[in-house]
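Take a look at the structure below.
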Amino acid sequence: MGESDEAAVARARAGDPEGFRVLVERHSHALFRLAYRMTGNEQDAEDVVQEAFLRAYRRLDRYESRAGFGTWLYRITVNCSLDLIRRRLLERRDPAAGDASETMKSIPAGEPGPDRLAFGVEVRHKVALALAELSPKERVAFVLRHFEGRSIDEISRAMGGRPDAAKNCIFRAVQKLRRALDPLMSTAL
Amino acid sequence: MKHLKDEQLILYYYGEGVERAGTEAHLAACESCQASYDRLRETLAAIDAAPLPARPEDYGARVWQRLRPRLGEKPRFDWLGLFQPRRWVFGASLAALLAGAFLLGRFWPRPPEPSRASVPVSYRDRVLVLAMSEHLEQSQMLLIELVNAPAGGSIDLTAQQQGAEDLVEANRLYRQAATGAGEAALAGLLDELERWLLEIAHSPSRLSSRELEEFRRRIDQQEMIFKIHVIGRQLRAREEQVEPALPPARA
Numbered sequence: 001m002g003e004s005d006e007a008a009v010a011r012a013r014a015g016d017p018e019g020f021r022v023l024v025e026r027h028s029h030a031l032f033r034l035a036y037r038m039t040g041n042e043q044d045a046e047d048v049v050q051e052a053f054l055r056a057y058r059r060l061d062r063y064e065s066r067a068g069f070g071t072w073l074y075r076i077t078v079n080c081s082l083d084l085i086r087r088r089l090l091e092r093r094d095p096a097a098g099d100a101s102e103t104m105k106s107i108p109a110g111e112p113g114p115d116r117l118a119f120g121v122e123v124r125h126k127v128a129l130a131l132a133e134l135s136p137k138e139r140v141a142f143v144l145r146h147f148e149g150r151s152i153d154e155i156s157r158a159m160g161g162r163p164d165a166a167k168n169c170i171f172r173a174v175q176k177l178r179r180a181l182d183p184l185m186s187t188a189l
Numbered sequence: 190m191k192h193l194k195d196e197q198l199i200l201y202y203y204g205e206g207v208e209r210a211g212t213e214a215h216l217a218a219c220e221s222c223q224a225s226y227d228r229l230r231e232t233l234a235a236i237d238a239a240p241l242p243a244r245p246e247d248y249g250a251r252v253w254q255r256l257r258p259r260l261g262e263k264p265r266f267d268w269l270g271l272f273q274p275r276r277w278v279f280g281a282s283l284a285a286l287l288a289g290a291f292l293l294g295r296f297w298p299r300p301p302e303p304s305r306a307s308v309p310v311s312y313r314d315r316v317l318v319l320a321m322s323e324h325l326e327q328s329q330m331l332l333i334e335l336v337n338a339p340a341g342g343s344i345d346l347t348a349q350q351q352g353a354e355d356l357v358e359a360n361r362l363y364r365q366a367a368t369g370a371g372e373a374a375l376a377g378l379l380d381e382l383e384r385w386l387l388e389i390a391h392s393p394s395r396l397s398s399r400e401l402e403e404f405r406r407r408i409d410q411q412e413m414i415f416k417i418h419v420i421g422r423q424l425r426a427r428e429e430q431v432e433p434a435l436p437p438a439r440a
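First to last, the protein sequences are chains A and B. For the first sequence, the numbering used here gives the first residue as 1, with consecutive numbering after it. For the second sequence, the numbering used here gives the first residue as 190, with consecutive numbering after it.
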């Protein structure tokens with residue numbers, strides 16, 4: 001059995017970078033998955049993962065073990081993703097930068113192989129576009145609830161707000177996604 | 190029969206909500222709500238089809254390889270660091286650009302210079318005014334979250350502290366720029382805001398209800414949120430007055 005997160009944190013705090021390596025190797029996949037779903041862009045997600053680990057390393061002395069290292073890292077990743085989404089929104093308002101949702105529109109819909117129906121490809125593409133249209137907070141709340149299975153209490157803590165606010169973000173996100181995807185769903189019936 | 194609301198169906202789908210048994214019984218008895226719920230389930234299931242790029246097995250090791258050299262950059266807040274030339278160059282450039290933006294706003298309107306050289310200046314200033322209003326908006330959100338934190342028991346402020354820490358350095362540069370540009374009201378607000386950000390960043394990560402109440406009282410007393418809101422609106426108005434210029438040509 002591998003070293004626990006707490007033991008690795010203790011080593012890293014004591015100045016041994018190998019302790020932090022254990023944590024990076026263990027949590028990178030989960031962080032990338034979360035960051036990608038937050039940002040909708042592969043390169044942005046890579047940047048968020050790097051930034052989140054860097055912030056975590058710099059703030060290791062503030063980590064309190066009762067929260068669990070994974071949860072703490074999650075919260076940092078959510079904040080890094082939100083910062084990046086806000087920067088992208090700023091760029092979107094900047095006429096030079098073009099529309100940030102272009103990054104979502106450029107997501108390859110996937111090569112339709114023999115096992116993949118055209119309808120499925122269209123749905124996946126439409127889903128990516130619909131997710132890109134959510135506000136940063138709606139996106140964070142929805143991703144944490146739908147993809148990561150976090151409870152509303154956990155989401156509100158990660159977002160630094162109240163449970164009611166997190167719940168409303170999820171409602172609004174689902175309503176927007178339904179408006180975007182329902183026409184496709186009825187086509188499929 | 191009173192039908193279920195969308196919100197109830199969403200909570201039920203995600204296993205949240207307190208009236209699960211009641212919702213289940215209603216769905217069993219009501220065809221209309223069951224049909225709504227089936228559509229919701231179908232849509233949310235389709236969302237799982239959103240593409241997720243795969244990472245290689247050794248992804249963690251690759252992240253570590255890129256991260257390892259950067260760990261040496263671990264910054265500790267030391268006053269000597271403020272005197273590093275690189276920081277001065279960055280700060281001075283930002284201050285100069287912001288000063289330009291304020292001066293531009295102050296003397297507006299005037300006919301635009303037709304020369305090519307004026308285009309990137311206007312574009313750059315606009316972006317900086319935008320960045321500052323975004324900064325004020327984020328700071329306002331932070332204070333609103335703090336003021337609205339749920340009462341009762343001790344409150345975890347870790348997220349707000351991290352947010353405040355991220356905003357402090359940018360705030361310092363904006364304040365210097367505003368002072369340099371003779372924008373006394375803005376500089377004063379940023380000075381006040383900086384003290385709040387530092388206090389939040391350095392406060393204990395858990396506050397008792399009484400301490401949080403004291404925070405709220407002081408924020409209200411100083412009308413911080415209102416002041417940030419007003420100055421933020423003024424900046425937005427100024428941003429709209431600055432001519433939307435073409436970006437510099439890309440090579």
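A virtual CB, placed ideally from N, CA and C, is assigned to each residue, including glycine.
Determine whether the beta carbon atoms of Val-127 (chain A) and Ile-420 (chain B) lie at a separation below 7 Å. no
7 Å Cβ cutoff, Ile-152 (chain A) in contact with chain B: yes
Note down, in chain order, every chain B residue with its Cβ under 7 Å from the Cβ of Ile-85 (chain A). None at all; the shortest Cβ gap to chain B is about 12 Å.
What residue does the alpha helix (DSSP H) around Asp-237 (chain B) start on, and which one ends it? Asp-237 (chain B) -> no alpha helix (DSSP H), and no H or E assigned at all.
Buried/exposed call for Asp-44 (chain A), threshold 16 Cβ in 10 Å: buried
Through-space distance from Gly-160 (chain A) to Gly-249 (chain B), alpha-carbon basis: 28 Å
Whole-Å CB distance - Gln-329 (chain B) paired with Ile-408 (chain B), under 8 Å assumed: Going by Cβ atoms, the distance from Gln-329 (chain B) to Ile-408 (chain B) rounds to 11 Å, so no, they are not a contact pair.
So, at 7 Å on beta carbons, what are the nonlocal neighbours of Ala-36 (chain A) in its own chain, with the 5 sequence-adjacent residues on each side left out? The question names Ala, yet the displayed sequence has Tyr at residue 36 (chain A). Here the set comprises Glu-42 and Ala-45.
Under the three-state DSSP convention, the category Arg-395 (chain B) falls into: strand
In terms of alpha-carbon separation, which member of A:Arg-157, A:Val-24, A:Leu-181 and A:Leu-34 lies closest to Ala-56 (chain A)? A:Val-24
Just the chain B side, please: which residues come within less than 9 Å of Gln-175 (chain A) by C-beta, in chain order? Asp-195 and Ile-199
Cβ pair count under 8 Å reaching 3, the region 196 to 203 of chain B against the region 167 to 185 of chain A: yes
Quick check: the Cα distance between Pro-17 (chain A) and Val-140 (chain A), rounded to an integer number of angstroms? 31 Å
Separation of Leu-34 (chain A) from Arg-427 (chain B), as counted between CA atoms: 37 Å
Residues bridged to Ile-344 (chain B) by DSSP? B:Leu-396
Please work out which residues of its chain come closer than 7 Å, Cβ to Cβ, to Ala-390 (chain B), disregarding the five sequence neighbours upstream and downstream, and give them in chain order. Gln-350, Ala-353, Glu-354 and Val-357
Applying the 10 Å Cβ sphere with the 16-neighbour rule, what's the burial state of Ala-210 (chain B)? exposed
Contact set between the region 23 to 47 of chain A and chain B, restricted to residues whose Cβ is under 7 Å from the partner: Val-24, Glu-25, Arg-26, Ser-28, His-29, Phe-32, Arg-33, Tyr-36 and Glu-42
Partners in chain A for Trp-253 (chain B), counting only beta-carbon separations shorter than 7 Å: Arg-21, Val-24 and Glu-25
Limits of the unbroken alpha helix (DSSP H) element including Ala-56 (chain A): 42 to 58
Using a Cβ cut-off of 7 Å (strictly closer), state whether Gly-192 (chain A) contacts chain B. This structure cannot speak to residue 192 (chain A), because chain A is shown only from 1 to 189.
Counting only C-beta atoms, is Val-123 (chain A) closer than 7 Å to chain B at any point? yes
According to the neighbour-count rule (16 or more other Cβ atoms, all chains shown, within 10 Å of its Cβ), is Asn-360 (chain B) buried or exposed? buried
What did DSSP end up calling Ser-4 (chain A) once you bin it into helix, strand or coil? coil
If you draw a straight line from the C-alpha of Cys-219 (chain B) to the C-alpha of Ser-394 (chain B), how long is it? 48 Å
Of all Cβ atoms in chain A, is any one closer than 7 Å to the Cβ of Ile-333 (chain B)? no
Residues in the region 200 to 216 of chain B having any Cβ partner in chain A nearer than 7 Å: Tyr-203 and Glu-205
Less than 8 Å between the CB atoms is what I'm expecting for Ala-130 (chain A) and Ala-52 (chain A), so what's the real figure, rounded? Incorrect: roughly 26 Å between the Cβ atoms, too far for contact.
Residues that Asn-337 (chain B) contacts on chain A, provided the C-beta gap is smaller than 9 Å: Gly-161, Arg-162 and Ala-165
How many angstroms separate the CA atom of Arg-59 (chain A) from the CA atom of Thr-77 (chain A)? 13 Å
So, helix, strand or coil for Ala-14 (chain A), using DSSP? coil
Please confirm if Leu-181 (chain A) has its CB atom under 7 Å from at least one CB of chain D. The structure shown has no chain D; the protein chains it does contain are A and B.
Please identify, using Cβ separations under 8 Å, the residues of the region 393 to 404 of chain B that lie next to chain A, in order along the chain. Ser-394
Take Glu-323 (chain B) and list the residues in its own chain whose beta-carbon comes closer than 8 Å to its own, dropping the five residues that flank it on each side. none
Interface flag, Phe-69 (chain A) vs chain B, CB-CB below 7 Å: no
What in chain A is Cβ-close to Asp-227 (chain B), meaning under 9 Å? None at all; the shortest Cβ gap to chain A is about 10 Å.
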